[in-house]
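The structure appears right after this line, and notes come after that.
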Amino acid sequence: MDDRSHIANLIGSLAVHVDGQHWDRLLALFAPRVGVDYKSLFGGEAQAMTREDLIGGWRKLLPGFTRTCHVIGTPDVAISGDTARAAASVVAWHFVKEVELAGRDLWLVGGCYDISFEKIDGVWHIASLTLARAWAEGNLDLPRIAGERATR
């Protein structure tokens with residue numbers, strides 16, 4: 039598989055493994071240190087962390103949703119030696135199906151992923167993940183509710 043195809047496959051795998059909550063497979067997609075920037079959605083600052091901390095954070099949130107569905111569009115990939123960047127549109131549906139949330143059970147998020155990659159020992163890994171130009175609709179309190187459900 040050529041580099042461009044491998045990078046596009048990594049991006050697709052990210053969506054599939056997040057929705058499937060395949061934690062070990064997600065760990066394998068990322069470089070040991072990862073830049074994460076969701077400030078266009080949540081505010082705050084970009085962070086650098088270990089891949090274990092990133093996936094650990096997702097493990098404390100995603101199981102609280104009844105289901106999620108992340109769809110990442112075809113990426114625009116630029117490769118330069120052992121580094122690469124890709125941009126791709128993303129839309130993610132997050133549901134919490136509880137009787138008391140009827141009609142308010144969806145948090146819909148979209149934007150554009152700006153993802154950087156690095157080749158380590160001949161294998162491409164995600165080195166940073168930025169959600170740019172984010173928007174959200176639906177129940178904006180659902181992430182808090184999901185976090186509480188995940189820790190029950």
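Count along the sequence shown starting at 1, add 38, and that's the number in this note's numbering.
Where is the CB? At the ideal position from N, CA and C, for every residue including glycine.
- If only uninterrupted beta strand (DSSP E) runs of at least 3 residues are considered, those enclosed by the segment 115 to 182 are 121 to 133, 144 to 158, 161 to 176.
- Taking threonine 189 as reference, the option from Ala53, Asp75, Leu100 with the minimal CA-CA separation is Leu100.
- Along the segment 45 to 77, the beta strand (DSSP E) occurs as fully enclosed runs of 3 or more residues at 68 to 75, listed in sequence order.
- Taking the Cα of glycine 50 as reference, the smallest distance to any Cα among Asp40, Gly149, Val115, Gly111 is reached at Gly111.
- The beta-carbon separation of proline 70 and arginine 97, rounded to 18 angstroms, does not stay under the 8 angstroms limit for a contact.
- Straight-line measurement puts the Cα of arginine 187 at about 29 angstroms from the Cα of leucine 48.
- Burial check for glycine 82: the Cβ neighbour count within 10 Å stays below 16, so the residue is exposed.
- Judged by DSSP in its simplified three-state form, arginine 187 adopts helix.
- When the five nearest sequence neighbours on each side are left out, the beta carbons in the same chain lying within less than 8 angstroms of the beta carbon of tryptophan 162 are those of Asp41, His44, Ile45, Leu48, Ala122, Phe155, Glu156, in order along the chain.
- Note: methionine 87 is bridge-paired with Val72 in the DSSP secondary-structure output.
- By the neighbour-count criterion, in which a residue is buried when 16 or more other Cβ atoms sit within 10 angstroms of its Cβ, valine 54 is exposed.
- Distances from the CA of glycine 119 to each of His132, Asp159, Ser127 were compared; the closest alpha carbon is that of Asp159.
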